[in-house]
Amino acid sequence: GEVLHTLTGHTDWVVGVACSSNGDRVATVSGDGVTRIWHGTTGAVLHTLTGQVGWVEAVACSSDGGRVVTGSDDGTTCIWDGTTGEVLHALTSHTDSVLGVACSADGSRVIIASADNTARIWDGTTGEVLHTLTGHTDSVLGVACSADGSRVITASADNTARIWDGTTGAVGLQ
1 GEVLHTLTGH TDWVVGVACS SNGDRVATVS GDGVTRIWHG TTGAVLHTLT GQVGWVEAVA
61 CSSDGGRVVT GSDDGTTCIW DGTTGEVLHA LTSHTDSVLG VACSADGSRV IIASADNTAR
121 IWDGTTGEVL HTLTGHTDSV LGVACSADGS RVITASADNT ARIWDGTTGA VGLQ
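Numbering-wise (the working numbering), the sequence shown opens with residue 1 and increments by one.
Pasting the structure below:
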């Protein structure tokens, strides 16, 4: 229960955090529009990532920390190289705020939840949209996916959660 490190440097609320499965990489996102990648053992800032406008509200990491995915209220999502801090893909197909992001353990699938009532499954390597998940009648607030990306779960302000086939984009259970 001891505090190992206090991560400081953001100038607005820190609204999201994610880490690699071994805790070596920690990513934080903030209302200051900045994403920071920290060393999980030392607490040192490894990378300060900028380029999204407004609040960066959502963050996820691949299990090895090699990919960091961030979503912003400007409707953009970025896939970053967690080692170098370089942006690999800037994803811009949502028409409203990005409220949640998730990625498969290996980073090959990225799932994005949006206030535009949709979620999208992206290829984390090529940055191409694979499937647009439609059917919710209100904002999609959160997403999760199985380690292998075969199942995607969405949670919505329409009082439902849905389980989707991560390969086909078809809805399964509600």
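The beta carbon of each residue, even a glycine, is placed where N, CA and C say it ideally should be.
C-alpha distance - residue i paired with residue j, whole-angstrom precision
i	j	result
residue 13	residue 36	13 Å
residue 117	residue 45	35 Å
residue 21	residue 109	17 Å
residue 11	residue 50	13 Å
residue 86	residue 9	20 Å
residue 128	residue 90	10 Å
residue 3	residue 23	14 Å
Cβ pair residue i, residue j closer than 9 Å
i	j	result
residue 60	residue 119	no
residue 98	residue 58	yes
residue 126	residue 169	no
residue 27	residue 70	yes
residue 67	residue 80	yes
residue 52	residue 31	no
Backbone secondary structure at residue i - three-state DSSP
i	result
residue 141	strand
residue 13	coil
residue 39	strand
residue 100	strand
(message) Check whether the region 97-111 and the region 139-154 touch, using three or more Cβ-Cβ pairs below 8 Å as the test.
(response) yes
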